[in-house]
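Participant:
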């Protein structure tokens, strides 16, 4: 079985918390992640939107674009508006041969609002989640028809956060909207990561190997503290530095025959947790557990062809 290891630039630059950002260039971000061993990077705010500009940067760094976040609003927003907003991203991702676009629902979400406590997260009724899942399936099918598949990211403080919410979304949606399984977000939400992999492995197309510090999460006052407060306090980290057993998690993916990207997405304070050092810790741990699970990790970055 083959796997690829990527990173998210959120370890270097946090789009929601400016104070959790290093003043490093895109080129330096790519250089650091590649020196740690990673062959892919998801898109961040310092990436160019022109493929003719992006491709030489990726080639020079020997890194491929392995995904990127789209802020979807289909829980309330119009299908046409979301299609218009995602079309340039589809065109760009096709041009640089990215595997997928990560769909993150921001409609009704409080994930970017530090004034909203975790306990006030939006909740959908059963009828609402049925309708939402149907819209997402149609949207995912349309994106795939344009040549770029989506992968749906369940997320803390969003409409699909908890394991029961994820189960309902998956039950009512169709194969047209694949799933991004994020171990850290599910664990933060109180879910069982191994059970979710067992339940939804046929739809999982992309994986975020985000670790958590349960000692931070367990102390949160969810009636007063927000998702961004939790991030600032250090709720997330890289595999090998947190509370999750990635040996068991990666083995469960292997048991179900998952092949593809495992992306480290670990937003934290780069001054307390230097991104290069954390990238090295995450890569070492992932290589250990990947090897034990029988994966061959691809080492080629930018394609030779």
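In this note's numbering, the protein residues as written are 50 to 354.
Note that the Cβ used here is the ideal one computed from N, Cα and C, for glycine as well.
Please read these numbers as outputs of a predicted model, since none were measured by experiment.
#1: Taking the alpha-carbon positions, what's the residue 59 to residue 293 distance?
#2: Residue 83: buried (16+ other C-beta within 10 angstroms of its C-beta) or exposed?
#3: On the three-state DSSP scale, how would you describe residue 348?
#4: Closest by CA to residue 216, which one among 199, 198, 253?
#5: For residue 311, report the span of its beta strand (DSSP E) as first-last.
#6: Buried or exposed for residue 182, going by 16 or more other Cβ atoms inside 10 Å?
#7: Looking only at C-alpha atoms, which of 201, 321, 195 sits nearest to residue 139?
#8: Quick check on residue 133: buried or exposed, where buried means 16 or more other Cβ atoms within 10 Å of its Cβ?
#9: Near residue 192, what residues of its chain come up, given a Cβ to Cβ distance below 8 Å and the 5 sequence neighbours on each side ignored?
#10: Between 99, 114, 256, 100, which has its C-alpha nearest residue 147's C-alpha?
#11: Report the rounded CA-to-CA distance for residue 155 versus residue 343, giving the unit in angstroms.
#12: Have a look at residue 257 and residue 284 and give me their C-alpha separation to the nearest angstrom.
Facilitator: Per the coordinate set shown:
#1: 20 Å
#2: buried
#3: coil
#4: 253
#5: 309–313
#6: buried
#7: 195
#8: exposed
#9: 135, 139, 150, 198, 199
#10: 114
#11: 37 Å
#12: 15 Å
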